[in-house]
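Asker: Residues 1 to 574 in the UniProt record's numbering are what the sequence shown spells out, letter by letter.
Glycine included, every Cβ here is placed at the ideal spot set by N, Cα and C.
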Amino acid sequence: MRLGDLLVHEHIITEQQLQQALAQQQQTGRKLGATLTELKFLSEQQLLQFLAQQLNVPFLDIAQKPIEPKAVQLLPEVQARRFRALVLEDHGSKVLLAMSDPADLAAMDQLAALLAPRQIELAVVRESQLIEAFDTLYRRTKDIESFASQLKEEHGGDNELEFSATDEQTDADNTIVKLLQSIFEDAVQVKASDIHIEPDEKVLRIRQRVDGVLQENILNQVSIAPALVLRLKLMANLDISEKRLPQDGRFQINVKAHRIDVRLSTMPVQHGESVVMRLLDQSAGLLQLEETGMPAPLLAKLRRIIKSPHGMILVTGPTGSGKTTTLYGLLSELNQAGSKIITVEDPVEYRLPRVNQVQVNHKIGLTFANVLRTTLRQDPDIIMVGEMRDQETAEMGLRGALTGHLVLSTLHTNDAVTSTLRLIDMGAAPYLVASALRAIIAQRLVRRLCDYCKQPYQPDELESSWLRHHKARLDAQYWHAPGCQSCNHSGYKGRLGVFELLIITKPLADALRRDDTAGFAQLAHRSEGFTSLGTMALQYAQQGVTSLDEVIRVSEYLDTDPSSPFAVTEDEGA
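Okay, structure coming up:
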């Protein structure tokens, strides 16, 4: 019997549901099982458990199962992705093969030929788990090492390698292109936000920042570093003869159907030049505000505030805290045909339709302040300033907010309360800040615990002491994750935002006008509905979303209000 008939026979779906799924299958061309789960007539797990039972094969959760890396390599990546199959174990004469659709007989025939003379023992797994496993297990580490060795051999092992910067392509040029492509492909597979290329005395380190933490790959071919840097400089249109001064550039590259925008920075170090590349996946699109982890009550307040026709809204936090993502999320909601939006950025990160985006260029005097001055004459409704960097930019932005414009910007500060004080320290008049500022969003990113391996646990003595000291609940349930295949044994998978929203009310504005910073801080922490970064992070820990380690990292020295349960006293701070 065919799959659909079997499901109807076993009363898992109805005949009507089957006919509806078959009709949709004819339009989309997708497999029946995928169509049924897409229509939500049954879950993926129900379907796979049914298939496993019918075929008398095990249904496995490969996130919890140790996988032999050598066994995985028995099946080339191209074929593994094509047939949605993964070799889990190699027993010499037979292999354990995981498939998401073991009923695909054509795929089974080709897999049997590829793995011959070994016999195949089947197991059923979720397709989503297989795709995640492909990205984790089929890394480009071996390709990177192979191309690095090949490049060194082509140059005869010289200590100072260079490659052709002319139109004539050499073997070394082709090899270095393949090496860089492998580096970028590996970074995209693991969703790295940055790539660091760091020459040391005897080794070359290639590090990737994944979920805020660097992962390291060490190459012994340190002599290829100048060739790598030179090629990257050419791609970013930088001066290849300048090695003594830092340089910044930008280029785009296509990697596995992803359009990646690369911001490159070079810096002379002791053993050559260090390169850091920030990767931005343009094909992934903008995150909506709901996807950032912003709680619904806070999001509702923020949406009411951005409907204001004028005033300034600040998004604050350190580098890498997700400020730009939040800012673009706000812009995408405000981007309507009836509003003119002008942005002043350095650099322009996402390209938005209908939005006039200006790239700052300090070399020709196109600074934030100069562009802002012209922007106000362009009849905008909404202005976005990439960052408040100096007194002139801050004052121009605040005055723009007072003259009927909604101004969005970012600021590098630790929390929402200190942001106003930072503006005043920059030289902005307190009355100007009090009159123009509407709200401040402060944020951090915390790592999510892996859903597959997280488990409840009792905090250790040090964590319990920290909880008691900060007057947090000891009877609450806390979670940690020992690590599994799904999270690459890190215990974490992905990140989400932790936010605090400070709305500037009349009492807060009055305290600013009086330049009463202490009074402003006390009123802010006690204002209705205000939740600090540390408190929100702890709520996530108690819900099993993140760990206490992440809470401690985020909340350390953030809360200055003496009445806060996370406050650090002056003696403790010292």
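1. With three or more C-beta pairs closer than 8 Å as the rule, is the segment 263 to 270 touching the segment 174 to 190?
2. What are the complete alpha helix (DSSP H) segments, minimum 4 residues, inside the segment 517 to 547?
3. Grouping DSSP H, G and I as helix and E and B as strand, with all else coil, what is Ser-164?
4. Between the beta-carbon of Ile-176 and the beta-carbon of Val-315, is there less than 8 Å?
5. For Thr-14, which of helix, strand or coil comes out of DSSP?
6. Quick check on Glu-168: buried or exposed, where buried means 16 or more other Cβ atoms within 10 Å of its Cβ?
7. With a threshold of 8 Å, are at least 3 pairs of Cβ atoms found where one atom belongs to the segment 4 to 19 and the other to the segment 37 to 55?
8. Can you list, in chain order, the residues of its chain whose CB lies under 8 Å from that of Tyr-350, leaving out five sequence neighbours each side?
9. Are the beta-carbon atoms belonging to Ser-100 and Arg-126 less than 8 Å from one another?
10. Taking the straight line between their C-alpha atoms, what separation do you get for Val-203 and Val-222?
11. With a Cβ-Cβ cutoff of 8 Å, do Val-371 and Val-355 count as a contact?
12. Straight-line CA distance for Val-87 to Leu-3?
13. Pick out whichever of Leu-411, Arg-473, Leu-421 and Gly-491 has its Cα sitting closest to the Cα of Val-446.
14. Consult DSSP for His-412 and reduce its assignment to one of helix, strand or coil.
15. Could you give the first and the last residue of the continuous alpha helix (DSSP H) run that contains Arg-513?
16. Tell me Glu-216's beta-bridge partners as DSSP assigns them.
17. Which of the three DSSP states, helix, strand or coil, is assigned to Asp-143?
18. Suppose the cutoff is 7 Å on Cβ atoms and the five residues either side in sequence are ignored; what does the same chain contact list for Asp-135 look like?
19. For my contact list, Tyr-478 and Pro-459 are in at a C-beta cut-off of 8 Å; report their separation, rounded to the angstrom.
20. For Phe-59, is the beta carbon positioned less than 7 Å from some heavy atom of the ligand ADP?
21. CB Pro-199 to CB Ala-225, shorter than 8 Å?
22. What is the DSSP secondary structure of Val-87, counted as helix, strand or coil?
23. Pick from Leu-60, Leu-55 and Asn-56: whose alpha carbon is nearest that of Gln-45?
24. When you compare each of Val-498, Ala-541 and Glu-185 to Arg-259 by their alpha carbons, which one comes out closest?
25. Curious, which full-length beta strand (DSSP E) runs of at least 3 residues does the segment 254 to 303 contain?
26. Strictly by DSSP, which residues pair up with Phe-59?
27. Find the nearest neighbour of Asp-425 within the set Gln-443, Asn-414, Gly-397 and Asp-390, judged by alpha-carbon distance.
28. Do you know offhand how far Val-8's Cα is from Arg-468's?
29. Name the residue from Ala-521, Gly-483, Ile-503 and Ala-192 whose alpha carbon lies nearest to the alpha carbon of Gln-455.
30. CA-CA distance, Leu-97 and Ala-21?
31. If you compare alpha carbons, which of Ser-128, Thr-403, Lys-363 and Glu-38 is closest to Ser-308?
32. Measure the alpha-carbon distance for Thr-325 versus Asp-5 and round it to whole angstroms.
33. Tell me Glu-198's beta-bridge partners as DSSP assigns them.
34. Taking 8 Å as the cut-off, decide whether the C-beta atoms of Gly-386 and Val-344 are in contact.
35. Roughly how many whole angstroms lie between the Cα atoms of Lys-493 and Leu-449?
36. With H, G and I counted as helix, E and B as strand and the rest as coil, what does DSSP make of Pro-456?
Answerer: Let me spell this out:
1. No, because fewer than three Cβ pairs between the segment 174 to 190 and the segment 263 to 270 fall closer than 8 Å, the two stretches do not touch.
2. Entirely contained in the segment 517 to 547, the alpha helix (DSSP H) runs reaching 4 residues are, in chain order, 517 to 526 and 533 to 542.
3. For Ser-164, the predicted model reports a pLDDT of 43, less than 50, meaning its position is unreliable and no value from the coordinates is stated.
4. No, the pair does not count as a contact, with Cβ atoms beyond the cut-off.
5. In this structure, DSSP gives Thr-14 a state outside helix and strand, which the three-state scheme calls coil.
6. The predicted position of Glu-168 is uncertain, since its pLDDT is 46 and thus under 50; no value can be drawn from it.
7. Contact holds: three or more Cβ-Cβ distances are below 8 Å.
8. Around Tyr-350: Leu-280, Gln-282, Leu-286 and Tyr-328.
9. Between Ser-100 and Arg-126, the CB-CB gap stays under 8 Å.
10. Rounded to the nearest angstrom, the two C-alpha atoms are 5 Å apart.
11. Between Val-371 and Val-355, the C-beta spacing is not below 8 Å.
12. Cα to Cα, Val-87 sits roughly 25 Å from Leu-3.
13. For the residues Leu-411, Arg-473, Leu-421 and Gly-491, the minimum Cα distance to Val-446 belongs to Gly-491.
14. In the three-state DSSP reduction, His-412 falls in the coil class, being neither helix nor strand.
15. Boundaries of the alpha helix (DSSP H) harbouring Arg-513: 506 to 513, taken from the DSSP string.
16. Residue pairing by DSSP places Glu-216 opposite Arg-207 in a beta bridge.
17. In the structure shown, Asp-143 sits in a helix (DSSP, three-state: H, G or I).
18. In its chain, beyond the 5 residues on either side, Gln-189 and Val-190 have a beta carbon closer than 7 Å to the beta carbon of Asp-135.
19. The pair is a contact, with the Cβ atoms about 6 Å apart (cut-off 8 Å).
20. The ligand ADP is not among the ligands present in this structure, which contains no ligands whatsoever.
21. Against a cut-off of 8 Å, the Cβ pair of Ala-225 and Pro-199 comes out as a contact.
22. Strand.
23. Of all alpha-carbon atoms in Leu-60, Leu-55 and Asn-56, the one lying nearest the alpha-carbon of Gln-45 is that of Leu-60.
24. Nearest of Val-498, Ala-541 and Glu-185 to Arg-259, Cα basis: Glu-185.
25. For the segment 254 to 303, whole beta strand (DSSP E) runs of length 3 or above, ordered along the chain, are 258 to 269 and 272 to 281.
26. Answer by DSSP bridge pairing, in chain order: Val-124.
27. Nearest to Asp-425 by C-alpha distance, out of Gln-443, Asn-414, Gly-397 and Asp-390, is Asp-390.
28. Spanning the alpha carbons of Val-8 and Arg-468 requires a straight line of approximately 57 Å.
29. Answer by Cα proximity: Gly-483.
30. About 29 Å.
31. Measuring from the Cα of Ser-308, the nearest candidate turns out to be Thr-403.
32. Distance between the alpha carbons of Thr-325 and Asp-5: 47 Å.
33. According to DSSP, which records beta bridges pairwise, Glu-198 is partnered with Arg-205.
34. Contact annotation: Gly-386 and Val-344 have beta-carbon atoms nearer than 8 Å.
35. C-alpha separation (whole angstroms): 6 Å.
36. Here Pro-456 sits in strand by DSSP.
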